[in-house]
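One structure below.
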Amino acid sequence: KRTVILISGRGSNMAALIDAAADPAFPAEIVGVISDKANAPGLGIAASRGIATKVVTRADHASKEAHDEAIATALDTFGAEIVALAGYMRLLTTGFVEKWQGRMINIHPALLPSFKGLDTHQRALDAGIRVHGCTVHFVTPEMDDGPIIAQAAVPVLIDDDEPTLSARVLKAEHRLYPLALKLFAEGKVRMEGSRTAYSGFAD
Ligand code: GRF
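The sequence shown begins at 6 in the UniProt record's numbering and counts up by one.
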């Protein structure tokens, strides 16, 4: 399945997906990376791995809608069948999300439905939880709210601070996201209403 990754920054999850998909047996092919930030470090990483990149900034478009339409056009140009958000730091318009619903996934650095939004690791530390993690989910118009595909848990250690905890979660993200993309691209998970349907696991 032709997959395009949307990023805004560092691109470490993007790199994990690109590396997993470099295996010819992987059911998704990364055909392009789109960034809304011209200076996103991930753009250089993608280019160095031979992946086509495109920058589509908000500032170059008159409205949020026009920005998302330009991204939609870029996705069509890439022939995208799957969109993977990987640190894309902008809320997509409902029209865009509805067009891609069931074909667009995201990774969030917390065990949803806890800690939607930003600053998840500090909030997890402040809440005193002892288990934290990350979630890959289908994207719906409401932020961090779509059906959960897969999750990975990590312990919160008693002497953790934000850097140590976020690093532990990030390592789990880099394992989880390729696994979840694989399950989706090979048709073992699909979005069915407000739930994820699983098939082809038992036999
Ligand atoms: C990750 O923690 C991801 O879960 C969140 O933003 C961060 C992006 O990091 N959505 P990177 O750009 O993938 O390195």
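Just so it is clear, CB atoms sit at the ideal spot from N, CA and C, and this is done for glycine as well.
Could you spell out the range, first to last residue, of the beta strand (DSSP E) harbouring residue i?
i                 : result
phenylalanine 143 : 136-143
glutamine 156     : 153-160
Please work out which residues of its chain come closer than 7 angstroms, Cβ to Cβ, to residue i, disregarding the five sequence neighbours upstream and downstream, and give them in chain order.
i             : result
threonine 122 : According to the sequence as given, residue 122 is glycine; it is not threonine. Met148, Asp149, listed in sequence order.
proline 160   : Arg135, Val136
What's the C-alpha gap between residue i and residue j?
i             : j              : result
isoleucine 87 : proline 29     : 17 angstroms
leucine 11    : glycine 198    : 24 angstroms
lysine 176    : lysine 193     : 24 angstroms
serine 119    : serine 68      : 31 angstroms
arginine 7    : isoleucine 163 : 43 angstroms
residue 2     : isoleucine 154 : Because the chain spans 6 through 208 in this model, residue 2 falls outside it and cannot be assessed.
glutamine 127 : leucine 117    : 15 angstroms
Classify residue i as helix, strand or coil using the three-state DSSP reduction.
i             : result
arginine 195  : strand
glycine 37    : strand
asparagine 44 : coil
valine 174    : helix
histidine 113 : strand
threonine 201 : strand
threonine 99  : helix
leucine 188   : helix
alanine 207   : coil
alanine 89    : strand
Skipping 5 residues on each side, what residues in its chain have a beta carbon closer than 8 angstroms to that of residue i?
i             : result
aspartate 166 : Leu130
leucine 48    : Ile12, Gly16, Val38, Ser40, Thr58, Val60
Should residue i be flagged as near chain D, meaning a C-beta pair shorter than 8 angstroms?
i         : result
serine 17 : Protein chain content of the structure displayed is limited to a single chain, and chain D is not contained in it.
At which residues does the alpha helix (DSSP H) containing residue i begin and terminate?
i             : result
isoleucine 23 : 17-26
histidine 72  : 69-83
arginine 7    : Not the alpha helix (DSSP H): arginine 7 falls in the beta strand (DSSP E), residues 7-12.
threonine 58  : Taken as a continuous stretch (DSSP letters only), threonine 58 belongs to no alpha helix (DSSP H), being part of the beta strand (DSSP E) at 58-60.
Once you ignore the five residues that flank residue i on each side, which residues in its own chain have a CB closer than 6 angstroms to its CB?
i           : result
glycine 14  : Ala45, Gly92
leucine 188 : Val194
Please classify residue i as buried or exposed, where buried requires at least 16 neighbouring CB atoms within 10 angstroms.
i           : result
serine 204  : exposed
proline 152 : buried
serine 53   : exposed
glycine 138 : buried
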